[in-house]
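Below: the structure, in structure tokens.
Residue numbers (the numbering used here), protein chains in the order written: chain A, 1 to 319; chain B, 1001 to 1250.
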């Protein structure tokens, strides 16, 4: 049986290999600390096997120290990037003309294999129960890599690793943020932040009013996201406060519907806030706009309209 | 009540534009201390939840494949493909881009677009070129800004409300990771992705309609600009395609 932990080990290995490449890359002014960051991140994946799911095989505290080290390396700008290992614009245009739409085949292989695995192989016993989607993604990537190398005629396995590393370096510590926000959400939950927000909402909200609770959750996600600039940070707080205890446990809402739509209410908030700088302010700078709020103004009516859609769809279909 | 100060740390951190990784780390420690956890418990909480949420970072495994394809001209080919849509009005072109962006993001190709890779070099110039072809004159600065802002918005709305239909995207995995580790439930990414589809449709209808209305607005404001004699000299309207926008867009 293929276990999901194997996928985590593979990812850890990829990060470690990329870290080794970074350590050798003299074009990166911060190559040692960059290599330390990505290498350490890679090692947290296999170590996590002994910690995850409450298995007490390995102590969790050393992993906590490693996470703080990652935060320090990223937070105090110790991560740099080297010259991307890639082709020139001219070479790419030539190869695009040669390969044409065949280039899309490997890219489409990933979701296709993932979906096939999720729909047909979940019950087969081949994959660890309930992990078919995630494993499907891993299998999809491996298949796509083979297909990609066949389509492009690339022989060296180091080439995709180098290209992937360049993308990793371009993303930088932003790649770690979702996982850290998930950590923050858990700590908020353990420390009782959601419960507190929930108590306040309870005091304000009339009992058993489904529609008001839906509005409170969606608008709460929207507002929290506007303040924090990131729906990922708002999600654990609002879900612990209203989404889970009130909408799902008390009122019996469909888990997947409530949570997926709640997250999208947050995304509607991202459209209207300058706090989400990378989505709203950065494009304005890139496009050399005089009005840095131009994109937000273009998105504002859509953001509010979609908040309305979120509320209506959740109220009608989630219960 | 005092644990809510942890939320305040996050808000202050983001308001003052600190490094987000640092903000999240500090907020975690502060909240843990305010919630009366001792330092070892905080470290253990960081470690355990980091291990439990590893699935969020799984998408990194996609990078080598996409990197390989980009090296062989994936983006250029996407450009050629979109370029075939070039003979449209600005609003229709941007609506088409919105659709392409949503659909490709729904298939996990959310790196195909983006303000740096696609909007600046490709979408905005093509939208401007389309607007100018329609009116036969150079766009005044104010309208040029508007077209560019709407180009950025088509990209952002498209990716936000397309990517959640893909199971391996950070937000979907964050939801499953959070719920499965906090509430010991078992939620599958595919169920969540399914619920993102109705909103993807809403987003396309609403923003698409607004993009189409942009054509009318442009027409009206161009007429107004002509009436006020603010319009620059007519542009040479030879049979050039969207590519000519690149030169005017500098």
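Backbone N, C-alpha and C fix where the C-beta goes; we use that ideal spot for every residue, glycine too. It should be emphasised that the depicted structure is a prediction, and the values quoted were computed from it without experimental measurement.
- Residue 1146 of chain B sits buried, since 16 or more C-beta atoms from the chains shown fall within 10 Å of its C-beta.
- For the region 171-188 of chain A, the beta-carbon criterion of a distance under 9 Å to any beta-carbon of chain B is satisfied by 171, 173, 174, 175, 176, 177, 178, 179, 180, 181, 182, 183, 184, 185, 186, 187, 188.
- Think of a sphere of 9 Å around the beta carbon of residue 1226 of chain B: no beta carbon from chain A falls inside it, the nearest being about 22 Å out.
- Taking a contact as a CB-CB distance under 8 Å, the pair residue 1213 of chain B and residue 1090 of chain B does not count as one, their CB atoms being some 11 Å apart.
- Of all residues in the region 286-311 of chain A, those with a C-beta nearer than 7 Å to a C-beta of chain B are 286, 287, 289, 290, 291, 294, 295, 297, 298, 299, 301, 302, 305, 306, 309, 310, reading in chain order.
- A contact is defined here as three or more CB-CB pairs under 8 Å, and the region 290-302 of chain A meets this definition with respect to the region 270-277 of chain A.
- Proximity of residue 80 of chain A to chain B, defined by a Cβ-Cβ separation below 8 Å, is not satisfied.
- Beta bridge pairing from DSSP links residue 127 of chain A with A/2.
- Inter-segment contact for the region 80-87 of chain A and the region 1059-1066 of chain B is absent: fewer than three beta-carbon pairs are separated by less than 8 Å.
- Residue environment: residue 280 of chain A is assigned as buried (16 or more neighbouring CB atoms within 10 Å of its CB, all protein chains considered).
- Counting only residues of its own chain and dropping the five nearest sequence neighbours on each side, residue 109 of chain A has a CB closer than 7 Å to the CB of 140, 143, 144, 147.
- Distance from the CA of residue 313 of chain A to the CA of residue 259 of chain A, rounded to the nearest whole angstrom, comes to 12 Å.
- In the structure shown, the three-state DSSP call for residue 318 of chain A is coil.
- Against residue 263 of chain A, the close residues of chain B are 1164, 1171, 1172, 1174, 1175, 1192, 1196, in the order they occur along the chain (beta-carbon pairs closer than 9 Å).
- The beta-carbon of residue 166 of chain A is placed less than 8 Å from the nearest beta-carbon of chain B.
- For the region 1115-1133 of chain B, the set of residues with a beta-carbon nearer than 8 Å to any beta-carbon of chain A comprises 1115, 1116, 1119, 1120, 1124, in chain order.
- Residue range 1189-1227 is occupied by the alpha helix (DSSP H) that includes residue 1195 of chain B.
- Per DSSP, residue 1101 of chain B is one residue of the alpha helix (DSSP H) stretching across 1090-1106.
- Around the CB of residue 200 of chain A, fewer than 16 other CB atoms lie within 10 Å, so the residue is classed as exposed.
- Looking at the backbone, the Cα of residue 78 of chain A and that of residue 214 of chain A are separated by about 43 Å.
- The beta carbon of residue 1165 of chain B lies closer than 7 Å to those of 1106, 1193, 1196, 1197, 1200 in the same chain, with the five residues before and after it left out.
- With the rule of 3 Cβ pairs closer than 8 Å, the region 98-109 of chain A counts as touching the region 149-159 of chain A.
- Within chain A, the residues whose beta carbon sits less than 7 Å from that of residue 1048 of chain B are 51, 60, listed in sequence order.
- In this structure residue 236 of chain A is not in contact with residue 1050 of chain B, their Cβ atoms being roughly 14 Å apart against a cut-off of 8 Å.
- Residue 1127 of chain B counts as buried, since no fewer than 16 other beta carbons sit within 10 angstroms of its beta carbon.
- Within a 10 Å sphere around the beta-carbon of residue 1185 of chain B sit fewer than 16 other beta-carbons, which makes this residue exposed.
- When Cβ pairs closer than 8 Å are counted between the two stretches, the region 1003-1015 of chain B is seen not to touch the region 247-263 of chain A, the count staying below three.
- Residues of chain A whose Cβ lies closer than 7 Å to the Cβ of residue 1055 of chain B are, in chain order, 134.
- Here the C-alpha atom of residue 167 of chain A lies approximately 7 Å from the C-alpha atom of residue 1067 of chain B.
- If you draw a straight line from the Cα of residue 1069 of chain B to the Cα of residue 1109 of chain B, it is about 12 Å long.
- For residue 244 of chain A, the closest Cβ of chain B is nearer than 8 Å.
- Look at the region 1061-1075 of chain B: the residues with a C-beta under 9 Å from a C-beta of chain A are 1061, 1062, 1063, 1064, 1065, 1066, 1067, 1068, 1069, 1070, 1071, 1072, 1073, 1074, 1075.
- Each of A/132, A/128, A/111 was checked against the Cα of residue 120 of chain A, and the nearest Cα belongs to A/132.
- Listed along the chain, the chain B residues whose CB falls inside 8 Å of the CB of residue 103 of chain A are 1069, 1072, 1073, 1074, 1077.
- At least one C-beta of chain B is nearer than 8 Å to the C-beta of residue 148 of chain A.
- Apart from sequence neighbours up to five positions away, the residues of its chain that approach residue 205 of chain A with a beta-carbon distance below 7 Å are 212, 213, 216, ordered along the chain.
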